[in-house]
Amino acid sequence: MNKQKIVFFLLVLFSLVEINASISLVKKDSIPPNCKKIATSISLSTAAIGSQAFLYSLWYAPYNSGKFHFFNDWNEWRKMDKLGHAYTAYHVSSATYDALSWSGYSQSKSLLIASSASWLYQGFIEIMDGFSDGWGFSVPDVIFNSIGTGLFVFEKKFKKPFLLPKFSYSPSPYAILRPEVLGSSSFSRILKDYNAQTYWLGIRANSFIPSLNIKWLMLSVGYSVNEHLIGDQLSVNLNGNTYNSYTQLLVSLDIDPSALPIRNKLLKKIVLPLKYIKIPFPTLGIENGNVKFYPIYF
């Protein structure tokens with residue numbers, strides 16, 4: 024997947040979070056039910072249509088369109104971009120579901136609409152990829168879109184919210200080597216430098232230790248890469264130095280903010296965005312067959 028589109032996906036996600044945060048602070052009884060549904064539907068539809076039009080004009084219009092074709096990017100970036108797809112699909116589904124539930128739709132209808140909208144939204148972008156000479160339709164991208172959406176549906180359908188995808192970032196020394204790809208500014212590097220990113224999957228501790236009465240505590244497993252400068256190349260010679268890409272498996276603790284025993288509704292909404300970001304904790308890392316301890320890992 025093109026890194027610029029990752030930026031786009033994250034901006035869409037953050038806009039959905041903003042919509043959800045704004046409406047959730049409004050008292051449920053202060054707006055008629057039909058008006059809430061209309062307002063939410065308009066907000067979500069506007070965000071979807073407007074962002075698609077923006078994406079097309081910015082990234083697809085400069086390229087020639089041709090016959091529909093596929094592009095196999097399975098071996099690029101050591102699957103980090105695929106984890107980004109699953110992460111985004113899960114949280115776009117979640118944010119859309121919360122907005123629809125707030126507006127008065129039933130849980131089953133909110134789940135159906137949110138999961139379908141998330142999957143179709145990202146799928147439509149893959150179709151535009153397929154007709155663009157600059158990219159191509161990626162089956163692996165669609166698979167990981169489905170995994171992210173499917174995980175959210177499973178948890179809601181069977182009422183088992185024990186998994187939570189998260190993201191963390193720590194600046195790497197590699198972006199400066201290829202700023203045109205890995206980012207030329209601090210903000211762009213957060214979104215474009217895979218060496219600086221870690222994707223996590225949190226598991227509620229009481230799901231495998233039932234006697235543990237701490238609902239907010241999570242055991243988190245993370246995955247990241249280092250020294251990876253070019254999509255499908257594991258070893259790169261640059262400026263007289265050799266960079267050998269390697270992966271890192273991490274184990275840490277984390278917090279599910281939605282399960283914190285906070286009674287104040289405003290404070291609860293303030294901490295809720297932490298469900299997208301891994302909270303720093305002591306961490307064990309496995310890299311190149313060696314175990315490394317990090318007092319604090321970002």
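Using the numbering used here, the first residue of the sequence shown is number 24, and each one after it goes up by one. For glycine and all other residues, C-beta sits at the position ideal for the given N, C-alpha and C. In this text, all values refer to a predicted model and were calculated from it rather than measured experimentally.
| Query | Result |
| --- | --- |
| Taking the Cβ atom as the reference point for each residue, do histidine 108 and tyrosine 299 lie within a distance shorter than 8 Å? | no |
| Are the Cβ atoms of leucine 252 and leucine 297 separated by less than 8 Å? | no |
| So tyrosine 217 and tryptophan 100 are supposed to be a Cβ contact under 8 Å. How far apart are they, rounded? | 5 Å |
| Alpha carbon to alpha carbon, how far is proline 284 from leucine 295? | 12 Å |
| Pull up the distance between the alpha-carbon of glutamate 178 and that of tryptophan 82, whole angstroms please. | 35 Å |
| Suppose you measure from the CA of tyrosine 120 to the CA of lysine 292; what does that come to, to the nearest Å? | 16 Å |
| Just how far apart, CA to CA, sit lysine 26 and serine 234? | Low confidence applies to lysine 26: its pLDDT is 45, below 50, so where it sits in the model is not reliable, and the reading given next is rough at best. Going from the Cα of lysine 26 to the Cα of serine 234 covers about 44 Å. |
| Closest to glutamate 310 by CA distance: which of Ile302, Leu273, Phe91 is it? | Leu273 |
| Let's test the definition: count the other Cβ atoms within 10 Å of the Cβ of tyrosine 222 and tell me whether it reaches 16, buried, or not, exposed. | buried |
| How far does the beta strand (DSSP E) with tyrosine 320 in it reach, from first residue to last? | 313-320 |
| Locate the alpha helix (DSSP H) running through leucine 123, then write down its first and last residues. | 103-126 |
| Report the rounded CA-to-CA distance for phenylalanine 185 versus tyrosine 246, giving the unit in angstroms. | 19 Å |
| Can you check whether the CB of lysine 189 is closer than 8 Å to the CB of glycine 59? | Sequence check: residue 59 is lysine here, not glycine. Against a cut-off of 8 Å, the Cβ pair of lysine 189 and lysine 59 comes out as no contact. |
| Whole-angstrom Cβ separation of leucine 307 and methionine 241, contact assumed at under 8 Å? | So it is not a contact: roughly 15 Å between Cβ atoms. |
| Helix or strand or just coil, what does DSSP make of serine 88? | strand |
| Got a sec? Which residues, its chain only, sit under 6 Å from glycine 254 by beta carbon, not counting five neighbours each side? | Glu99, Trp100 |
| Could you give the DSSP three-state label for isoleucine 232: helix, strand or coil? | coil |
| Taking the straight line between their C-alpha atoms, what separation do you get for leucine 174 and valine 259? | 36 Å |
| Counting beta carbon pairs with one atom in the region 202-220 and one in the region 152-165, are three or more of them shorter than 8 Å? | no |
| Is aspartate 126 near threonine 69, with beta carbons less than 8 Å apart? | Checking the displayed sequence, the identity of residue 126 turns out to be serine instead of aspartate. No; because the gap between Cβ atoms is not below 8 Å, this pair is not in contact. |
| Within this structure, are the beta carbons of tyrosine 192 and phenylalanine 321 separated by less than 8 Å? | yes |
| What does DSSP give as the partner residues of glutamate 310 in its beta bridges? | Gln271, Asn313 |
| Can you tell me whether tryptophan 239 is helix, strand or coil according to DSSP? | coil |
| To the nearest angstrom, how far is it from the Cα of isoleucine 148 to the Cα of asparagine 236? | 43 Å |
| Out of curiosity, what's the CA-to-CA distance linking alanine 140 and asparagine 262? | 46 Å |
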